[in-house]
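Under my numbering, think of the first position of the sequence shown as 3, with each following residue one higher. For every residue, glycine included, the Cβ atom is placed at its ideal position computed from N, Cα and C.
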Amino acid sequence: MTGRRSDIDVRLITEAEIPDWLRALNTGFLRTPDVSDREIADCRSYIVPSRTLGTFDAHRCVATFRSFPQELTAVGGTPVPADAITNVTVTATHRRRGLLTRMMAQELAAAKERGDVVATLIAAEYPIYGRYGFGPATWTTKWTVDVPRAGLDPRWSGPEDGGRIDLVDSEDVRKIGPELHERLRRIQPGAVNRTERWWQVSTGALRVDRVAWTEPFHAVYRGADGTVEGLVTYVCDNHWGDAKQPLDTAKVKDLIAVTPAAERALWRHLCSIDWITQVKSGRRAPDDLLPLFLPDPRAARITTQADFLWVRILDVVRALEARTYEGAGSLVLEIVDRDGLTGGRLRLEAAADGASCTPTTQSADLTLEVGELAALWLGDESAVRLAALGRVQEERAGAARVADALLRTSRRPWCPDMF
């Protein structure tokens with residue numbers, strides 16, 4: 003009978019199967035399932051069949067799964083090779099048959115074989131990916147700023163630090179944006195690289211089906227020496243109240259700043275535009291400086307606070323040795339990986355000039371699953387908190403505090419990008 007597990011084939015797709023795969027993808031994301039010739043042609047330009055899985059039942063694609071190479075910035079600025087997972091769907095008629103488990107197992111084994119240190123994804127739903135060894139490694143926050151309440155000087159006309167703000171067009175952004183983003187991700191744990199296609203799509207040079215395009219505004223901040231230190235992309239609506247009062251909103255699509263001065267100036271610019279009474283921040287780090295830039299931080303209301311980037315560690319030794327640490331110390335970690343991709347008992351020796359992670363037979367200080375290590379790896383989560391929740395086992399009294407002293411960072415990690 004069609005639909006039994008033995009009849010369902012999980013495999014890499016062929017070039018000819020891309021249209022059927024796209025229909026399944028659209029169905030899984032509850033979009034109209036039809037696909038246009040333009041959409042097919044666009045997907046063929048970036049989908050790599052050797053990294054694209056489909057699940058087929060009687061020649062119909064009923065589940066999708068895709069990955070691509072990525073670099074993820076570890077604490078301290080070192081980029082590590084990552085297996086970025088995206089386009090994961092299972093059609094409603096084929097739920098609860100283990101299809102995602104089969105696709106995930108195949109992909110993670112391939113990523114391990116390729117030598118990737120971690121796998122990454124943006125989880126649409128929280129409960130799904132923990133069972134595959136992923137942990138929430140960064141969080142995201144969105145604010146809505148009530149500009150009239152913020153207490154800002156309405157006479158502001160530009161930065162007071164000798165810098166300046168200029169509007170630029172999309173062509174300028176394609177020239178200055180990539181280098182500026184590279185500077186950001188060298189200092190921002192949790193950031194990922196952006197491809198040329200990312201810049202083409204985000205500036206409208208490449209139009210994508212199903213995504214309505216509104217030409218945005220772009221503003222750059224240049225320091226006193228003329229160096230570009232910040233870039234914001236935003237769109238504005240056109241809304242007026244009954245009393246003929248402007249009630250427009252500026253929505254930030256992307257804001258890159260490599261100095262606090264640039265960040266401050268760009269937020270100030272957004273809040274100073276005539277007719278703008280609300281600024282929507284877009285996705286920011288939970289400890290973003292935005293609210294405290296305002297004379298009245300309560301004018302910035304949190305509208306979203308949620309987990310964002312999930313990480314699956316594929317090589318514990320390389321992951322722990324790639325990052326820097328807040329202090330010096332040692333820990334013996336018992337890392338449990340139920341899928342057998344990594345883990346074991348390892349001794350971490352951390353210092354300002356580097357770290358080593360080696361197998362050991364010493365007694366463990368902490369026992370934890372690989373997903374919990376992923377939540378700690380970028381410095382966001384607390385081992386003390388996880389121990390209180392029963393998700394980390396403290397084998398030696400005080401070991402969780404030692405872990406926090408080594409692993410936690412003074413600023414929270416942040417991933418600006420959806421993928």
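- In this structure, aspartate 298 keeps its C-beta atom at 8 Å or more from the C-beta atom of arginine 157.
- The alpha-carbon separation between valine 334 and arginine 199 amounts to approximately 43 Å.
- Under the three-state reduction of DSSP output, alanine 125 falls in the coil class, being neither helix nor strand.
- Rounded to whole angstroms, the gap between the alpha carbons of leucine 110 and glycine 100 is 15 Å.
- Within the DSSP bridge table, the entry for valine 338 names Glu371 as partners.
- Tyrosine 48 counts as exposed, since fewer than 16 other C-beta atoms from the protein chains shown sit within 10 angstroms of its C-beta.
- According to the DSSP secondary-structure assignment, aspartate 309 is paired through a beta bridge with Trp141.
- Annotation: the continuous beta strand (DSSP E) that includes leucine 169 extends over 166–170.
- Of all C-beta pairs linking the segment 362–369 to the segment 343–354, three or more are shorter than 8 Å, placing the two stretches in contact.
- In the structure shown, tryptophan 242 adopts extended strand secondary structure according to DSSP, grouped into three states.
- Around the beta carbon of tryptophan 141, 16 or more other beta carbons sit within 10 angstroms, so the residue counts as buried.
- Collapsing the DSSP output to three states places glutamate 173 in a helix.
- Cα atoms of arginine 62 and glutamate 115: separation of roughly 29 Å, rounded to the nearest angstrom.
- Distances from the CA of proline 191 to each of Glu397, Leu380, Ser159, Leu409 were compared; the closest alpha carbon is that of Leu380.
- At the C-beta level, leucine 272 and alanine 252 come within 8 Å of one another.
- Note on the segment 46–133: whole alpha helix (DSSP H) runs with a minimum of 4 residues are 101–116, in chain order.
- A distance below 6 Å between beta-carbons, with the five flanking residues on each side excluded, links valine 237 to the following residues of its chain, in chain order: Thr216, Pro218, Lys253.
- When beta bridges are read from the DSSP output, lysine 255 appears opposite no residue.
- Contact between the segment 54–69 and the segment 304–318 is absent: fewer than three C-beta pairs spanning the two stretches fall below 8 Å.
- The beta carbon of phenylalanine 295 lies closer than 7 Å to those of Arg266, Trp269 in the same chain, with the five residues before and after it left out.
- Phenylalanine 295 sits in a helix when the DSSP states are folded into three classes.
- In this structure, arginine 286 lies near threonine 143, with their beta-carbon atoms less than 8 Å apart.
- In this structure, glycine 137 places its C-beta atom within 8 Å of the C-beta atom of alanine 377.
- Here tryptophan 242 is exposed, its C-beta having fewer than 16 other C-beta atoms within 10 Å.
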